[in-house]
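S.K.:
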Amino acid sequence: MSTQEQEPVITGGCFCGGARYEVRGKPVLSAYCHCTLCQRFNAAAFIHTIHFPASSFKWTTAEDNLQTYVVPTKPWKTRFRCKNCGVAVAGHNGRRDKRSIWGGQLDRETEGGRIKNWDIVKPSAHIFYETRMLDVNDGLSKWAGYEGDSERLG
Numbered sequence: 001m002s003t004q005e006q007e008p009v010i011t012g013g014c015f016c017g018g019a020r021y022e023v024r025g026k027p028v029l030s031a032y033c034h035c036t037l038c039q040r041f042n043a044a045a046f047i048h049t050i051h052f053p054a055s056s057f058k059w060t061t062a063e064d065n066l067q068t069y070v071v072p073t074k075p076w077k078t079r080f081r082c083k084n085c086g087v088a089v090a091g092h093n094g095r096r097d098k099r100s101i102w103g104g105q106l107d108r109e110t111e112g113g114r115i116k117n118w119d120i121v122k123p124s125a126h127i128f129y130e131t132r133m134l135d136v137n138d139g140l141s142k143w144a145g146y147e148g149d150s151e152r153l154g
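First residue of the sequence shown? That's 1 in UniProt numbering, and the numbers climb one at a time after it.
#1: Near Trp-59, what residues of its chain come up, given a Cβ to Cβ distance below 8 angstroms and the 5 sequence neighbours on each side ignored?
#2: Hey, how far is the Cα of Ile-115 from the Cα of Gly-103?
#3: Taking the alpha-carbon positions, what's the Glu-7 to Asn-137 distance?
#4: Can you give me the C-alpha to C-alpha distance between residue 171 and Ala-88, rounded to a whole angstrom?
#5: Can you tell which of Gly-154, Tyr-129 and Gly-148 has its C-alpha closest to the C-alpha of Cys-38?
#6: Among the candidates Gly-86, His-48, Cys-14 and Pro-75, whose CA atom is the shortest distance from the CA of Pro-27?
#7: Using DSSP with H/G/I as helix, E/B as strand and the rest coil, what is Cys-82?
This is the structure:
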């Protein structure tokens, strides 16, 4: 078996199927993000964000199905949404050369609805926890910024 065959493949996309992707390999970060950007972009108290090297990510549908948005205050960050259903499907951080995908858009198993490859993508921490909208008591570590690169809060 080749190395590429052994790599996990994570797949997901929007609600209507117009914007789909695959990512090969294991994430460099999988966490619940409480930053104000994620809160506002996703209209949620926090989001399950999963980061991969940009080189491991590819769109499996036509890129003209995507609407892009460059964050004015952080022009190195781009968000991608499906033009049809409006679901946010991925992000790109040009400074870190990482792609972000979110747990809610990952493909699920037919029976039970569990996210495919859950053991690979399950969150290990809460990040940017100081700007949280609610307290979460789930036993995961809490960080002021990125896990391992900032003050641990709990």
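Beta carbons are placed, not taken as given, at the ideal position from N, Cα and C, and that holds for glycine. In this text, all values refer to a predicted model and were calculated from it rather than measured experimentally.
M.R.: Answer, in terms of the structure:
#1: Translated into positions along the sequence shown, residue 59 becomes position 59. Ala-19, Arg-20, Tyr-21 and Leu-66.
#2: As a working mapping, residue 115 is identified with position 115 in the sequence shown. As a working mapping, residue 103 is identified with position 103 in the sequence shown. Their backbone Cα atoms lie some 8 angstroms apart in a straight line.
#3: Mapped onto the sequence shown, residue 7 falls at position 7. Mapped onto the sequence shown, residue 137 falls at position 137. Distance between the alpha carbons of Glu-7 and Asn-137 is about 33 angstroms.
#4: Absent from the model: residue 171. The displayed extent of the chain is 1 to 154, so no value can be given.
#5: As a working note, residue 38 is residue 38 in the sequence shown. Out of Gly-154, Tyr-129 and Gly-148, Tyr-129 has the C-alpha closest to the C-alpha of Cys-38.
#6: Here the question's residue 27 lines up with position 27 in the sequence shown. Taking only the C-alpha atoms, the option nearest Pro-27 is His-48.
#7: Numbered from its first residue, the sequence shown carries residue 82 at position 82. In the structure shown, Cys-82 sits in a strand (DSSP, three-state: E or B).
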